[in-house]
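See below for the structure under consideration.
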Amino acid sequence: MAIVRVIPCLLLRGRGLVKTRKFKDSVYLGDPVNAVHIFNEKEVDELILLDIDASREGREPDYEIVAEIAGECFMPIAYGGGIKTLDQVRKLIRCGVEKIVINSAATESTEVIRAAADLFGSQAVVGAIDVKKTLLYGYKAFAKSGTVEVKMKLEDHVGSLLTAGVGEIFINSIDRDGVMMGYDLQLIRHVANMVSVPVVACGGAGTVEHLKQAVEEGGATAVAAGSMFVFHGKLRGILINYPQDLRLER
Amino acid sequence: MIAIIDYSIGNLASVANMFKHLGVECEITSDFETIGRADKIVLPGNGAFDACMQGLRSSGLIPLLEERVLHEKIPLLGICVGAQMLGHSSAEGSEPGLGWIDMKIKRLPSLTYLRIPHMGWCEVKRSAPTHPLLQDLDDDARFYFVHSYYMEPASLQDVLLTANYGLNFAAAVCVKNMIGVQFHPEKSHRFGKQLLKQFSRGV
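Sequence order for the protein chains is V and F. Start counting the first sequence at 5; every next residue gets the next number (our numbering). Start counting the second sequence at 936; every next residue gets the next number (our numbering).
Structure below.
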């Protein structure tokens, strides 16, 4: 048996944290460093920090804020958003992040993944895929925060990430984002069956039961969630939280 | 002062952050003079074994580290690949290790229900309960692991902590003044703090 990682996924917009629904309607949550302090206290397993505007705006990561956030983390942290070159990866690792997350860049070329995995090891490189279910074509990957459809078939896209050397796949459902009704288990199982590296499920978690489903029915290695760890109650009041004494195994 | 050896590999900021948080003086350094006057040494390591060994070798620091660790016997803490490098060799690559601890580095078994790399939290069991490094460690201690290879010391007596991922493996080893941990104490919340604090106090 292995302990399943339960990972808060934090979205960065400018210098603030936000939470979206279906990649839209972003709600401002507060200061990221404050949130990290609370997650430290709660001893969360790991954090994922995603700058949701960087790739869409074609700009670099904000190293200053990444370093500020990573410097407060006593747990592993992955950063994604706007990464295109090995030099950027190097800077981010120096900022104190353990892993970098590549999404949009990989839809054009997997060279940065290959170079980063060679230099820092595949465990430091996460391949992220945002997926929407389409009526005619089934699951399709999208880049740039869900705004640009990826031409490649999802299966081929996953394959190219693996060949390039990612140590982990982060699979996020755009349809379920912020909905808190449960993961897209079919999607997770589909991807988990395709790969032998760890698979992190994201999109849709609202309860501990959902987390369990992602592992037991979806075959996820780790589970990530946004809303569940930042909202409280039906009115979605902002409250940073994390289930205490939760222990998922697989 | 604790010298965190900088040979251009991986994430050193995290280790320094943790020591700073504990109020322990440390420096990320590749400077001969600084390493020469350090009380203790941390040897980090991330990524591929060969890349780490090549990086360390080309830094030119190995003779100085040998002098400080093997002859002057100041405490050394190797982390992850930094711990693996203390062994003779690794199944991951062809570069020889430092060979300071009699151990080999092997690949974790491929089992259908466990994915590799082993990435995540794992509880540890004490093999040497009275060792000072473990003095303040909680009984339910768990640590963050990221690895595909594990340390196999020739002597079971060199094992401090064990963990299980498809098989029982050495999570921490200790030979005289040298300690190697497979996990990342700098990213393991209070358990990592407890361990690094004990290391800084002297083991």
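Ideal placement from N, C-alpha and C gives every residue a C-beta, glycine not left out. None of the values given here were measured: they were computed from a predicted structure.
### Query
Is it the case that the CB of V:Ser177 approaches a heavy atom of the ligand MN more closely than 6 Å?
No copy of the ligand MN occurs in the structure displayed, which carries no ligand at all.
### Inside the stretch 1063-1091 of chain F only - beta strand (DSSP E) runs reaching at least 3 residues
1077-1082, 1084-1088
### Query
What are the start and end residues of the beta strand (DSSP E) that includes F:Met1054?
Locating residue 1054 of chain F in the second sequence gives position 119, where the first residue counts as 1. Where F:Met1054 is concerned, the enclosing beta strand (DSSP E) stretches over 1053-1058.
### Task
Using a threshold of 7 Å, state whether the C-beta atoms of F:Ile1009 and F:Pro979 are closer than that.
As a first step, residue 1009 of chain F must be located in the second sequence, where it is residue number 74. As a first step, residue 979 of chain F must be located in the second sequence, where it is residue number 44. Contact: no.
### Task
Just the chain F side, please: which residues come within less than 9 Å of V:Thr167 by C-beta, in chain order?
Working through the first sequence from its first residue, we reach residue 167 of chain V at position 163. Within 9 Å Cβ-Cβ: nothing; V:Thr167 doesn't reach chain F, min ~17 Å.
#### Entry: Exposure of F:Glu1027, with buried meaning 16 or more beta-carbon neighbours within 10 Å
On the second sequence, residue 1027 of chain F is found 92 positions in, with the first residue counted as 1. Buried.
### Task
Pick out whichever of V:Phe43, V:Pro36, V:Ile52 has its Cα sitting closest to the Cα of F:Arg1125.
Mapped onto the second sequence, residue 1125 of chain F falls at position 190. Nearest C-alpha to F:Arg1125: V:Phe43.
### Query
Among the residues of its own chain, which have a CB less than 7 Å from the CB of V:Phe78, if the five just before and after it don't count?
As a working mapping, residue 78 of chain V is identified with position 74 in the first sequence. Asn44.
### Task
Measure the CB-CB distance between V:Leu191 and V:Val135 and report whether it falls below 7 Å.
Counted from its first residue, the first sequence places residue 191 of chain V at position 187. Counted from its first residue, the first sequence places residue 135 of chain V at position 131. Yes, they are a contact pair.
### Query
What are the partner residues of V:Glu153, as DSSP defines its beta bridges?
What you label residue 153 of chain V is simply residue 149 of the first sequence in a count that begins at 1. Partner(s): V:Phe146.
### Task
Compute the beta-carbon to beta-carbon distance between V:Ser200 and F:Arg972, rounded to the nearest angstrom, for a pair I have assumed lies under 8 Å.
Indexing the first sequence from 1 puts residue 200 of chain V at position 196. Indexing the second sequence from 1 puts residue 972 of chain F at position 37. Contact flag wrong, Cβ pair sits at about 47 Å.
### Query
Is the distance from the Cβ of F:Ser1090 to the Cβ of F:Leu1043 below 7 Å?
Start at 1 with the first residue of the second sequence, and residue 1090 of chain F comes out as number 155. Start at 1 with the first residue of the second sequence, and residue 1043 of chain F comes out as number 108. Cβ distance not < 7 Å, so F:Ser1090 and F:Leu1043 don't count as in contact.
### Task
Just the chain F side, please: which residues come within less than 8 Å of V:Arg9 by C-beta, in chain order?
For the purposes of this step, residue 9 of chain V is taken as the residue at position 5 of the first sequence. Near V:Arg9 (Cβ distances below 8 Å), the residues of chain F are Met1054, Gly1055, Trp1056.
### Query
Secondary structure at V:Ala119, three-state DSSP: helix, strand or coil?
Indexing the first sequence from 1 puts residue 119 of chain V at position 115. The answer is helix: DSSP assigns V:Ala119 an H, G or I state.
### Query
With 7 Å set as the bound, which would you pick, yes or no: does the beta-carbon of F:Arg1050 sit closer than that to a beta-carbon of chain V?
For the purposes of this step, residue 1050 of chain F is taken as residue 115 along the second sequence, with counting starting at 1. Yes, contact with chain V.
### Query
In chain F, which residues lie less than 7 Å from V:Thr225 when you measure between Cβ atoms?
Mapped onto the first sequence, residue 225 of chain V falls at position 221. Those are Arg1050, listed as they occur along chain F.
### Task
Using a Cβ-Cβ cut-off of 7 Å, state whether V:Phe124 counts as contacting chain F.
Residue numbering aside, residue 124 of chain V sits at position 120 when the first sequence is read from its first letter. Among the residues facing chain F, V:Phe124 is included, as its CB has a counterpart in that chain under 7 Å away.
### Query
Apart from the five residues on each side of it in sequence, which residues of its chain come closer than 6 Å, Cβ to Cβ, to V:Glu221?
Translated into positions along the first sequence, residue 221 of chain V becomes position 217. Taken in chain order, the residues that qualify are Leu189.
### Query
Considering only residues of the same chain and omitting the five flanking positions on each side of V:Val101, which have a CB-CB separation below 6 Å?
Reading the first sequence from its first residue, position 97 is the one you call residue 101 of chain V. If we look at V:Val101 and ignore the five residues flanking it on each side, its Cβ neighbours are Ala74, Ile81, Tyr83.
### Task
Find out if the Cβ-Cβ distance for the pair F:Asp941, F:Ile963 is shorter than 7 Å.
Here residue 941 of chain F refers to the residue found at position 6 of the second sequence. Here residue 963 of chain F refers to the residue found at position 28 of the second sequence. A contact, by the Cβ cut-off of 7 Å.
### Message
Under DSSP, the alpha helix (DSSP H) around F:Cys1145 begins and ends at which residues?
### Response
Coverage of chain F is limited to positions 936 through 1138, which leaves residue 1145 of chain F absent and any answer about it impossible.
### Query
What does a CB cutoff of less than 7 Å around V:Tyr32 pick up in its chain, not counting 5 residues either side in sequence?
As a first step, residue 32 of chain V is located in the first sequence; it is residue number 28 there, counting from the start. Hits under 7 Å: Gly20, Val22.
### Message
Short of 9 Å Cβ to Cβ, which residues in the stretch 63-79 of chain V face chain F?
### Response
Going along the stretch 63-79 of chain V in chain order, one finds Ala71, Ala74, Gly75, Glu76, Cys77, Phe78, Met79 with a Cβ nearer than 9 Å to chain F.
### Short CB-CB distance (under 7 Å) between F:Ala1098 and chain V
Your numbering for residue 1098 of chain F matches position 163 in the second sequence. The C-beta of F:Ala1098 comes no closer than 7 Å to any C-beta of chain V.
### Query
Between V:Gly100 and chain F, is there a C-beta pair that is closer than 7 Å?
In the first sequence, residue 100 of chain V corresponds to position 96, counting from 1. At least one chain F Cβ lies under 7 Å of V:Gly100.
### Message
Could you check whether the Cβ of V:Pro202 sits closer than 7 Å to any Cβ belonging to chain F?
### Response
Within the first sequence, residue 202 of chain V is the residue found at index 198, counting from 1. Interface residue, yes.
### Query
Taking Cβ to Cβ, would you say V:Ala168 is nearer than 7 Å to V:Thr114?
The count along the first sequence starts at 1 and reaches residue 168 of chain V at position 164. The count along the first sequence starts at 1 and reaches residue 114 of chain V at position 110. Going by beta carbons, V:Ala168 and V:Thr114 fall inside the 7 Å limit.
#### Entry: Top-ranked residue by Cα proximity to V:Ile133, from V:Leu140, V:Ala119, V:Phe124, V:Lys157
What you label residue 133 of chain V is simply residue 129 of the first sequence in a count that begins at 1. For V:Ile133, the nearest C-alpha among the options comes from V:Lys157.
### Task
Could you check what DSSP says for F:Ile944 in three-state terms: helix, strand or coil?
On the second sequence, position 9 is the one that residue 944 of chain F refers to. Here F:Ile944 sits in coil by DSSP.
### Message
With H, G and I counted as helix, E and B as strand and the rest as coil, what does DSSP make of V:Cys206?
### Response
Taking the first residue of the first sequence as position 1, residue 206 of chain V is located at position 202. DSSP places V:Cys206 in strand when its eight states are reduced to three.
### Message
Can you look up V:Pro12 in the DSSP assignment and give me helix, strand or coil?
### Response
Start at 1 with the first residue of the first sequence, and residue 12 of chain V comes out as number 8. DSSP places V:Pro12 in strand when its eight states are reduced to three.
### Query
Does the Cβ of V:Ile9 have 16 or more other Cβ atoms within 10 Å, making it buried, or fewer, making it exposed?
As a working mapping, residue 9 of chain V is identified with position 5 in the first sequence. The displayed chain sequence assigns Arg, not Ile, to residue 9 of chain V. Per the 10 Å Cβ criterion, buried.
### Status (buried if at least 16 other CB within 10 Å, exposed otherwise) for V:Glu172
In the first sequence, counting from the first residue as 1, residue 172 of chain V sits at position 168. With 16 or more Cβ atoms within 10 Å of its Cβ, V:Glu172 is classed as buried.
### Message
Cutting at 6 Å between CB atoms, please list the residues of its own chain near F:Ser1123, excluding the five before and the five after it.
### Response
Here residue 1123 of chain F refers to the residue found at position 188 when the second sequence is read from its first residue. Excluding sequence neighbours, F:Ser1123 sits near Phe1078, Tyr1079.
### Message
Strictly below 9 Å CB to CB, what residues from chain V border F:Gly982?
### Response
Position 47 of the second sequence, counted from the start, is the residue given in the question as residue 982 of chain F. Near F:Gly982 (Cβ distances below 9 Å), the residues of chain V are Ala121, Asp122, Leu123, Phe124, Gly125, Ser126, Gln127, Ala128.
### Task
Check whether the Cβ of V:Gly131 lies closer than 7 Å to any Cβ atom in chain F.
On the first sequence, residue 131 of chain V is found 127 positions in, with the first residue counted as 1. No - not a single Cβ of chain F is within 7 Å of the one on V:Gly131.
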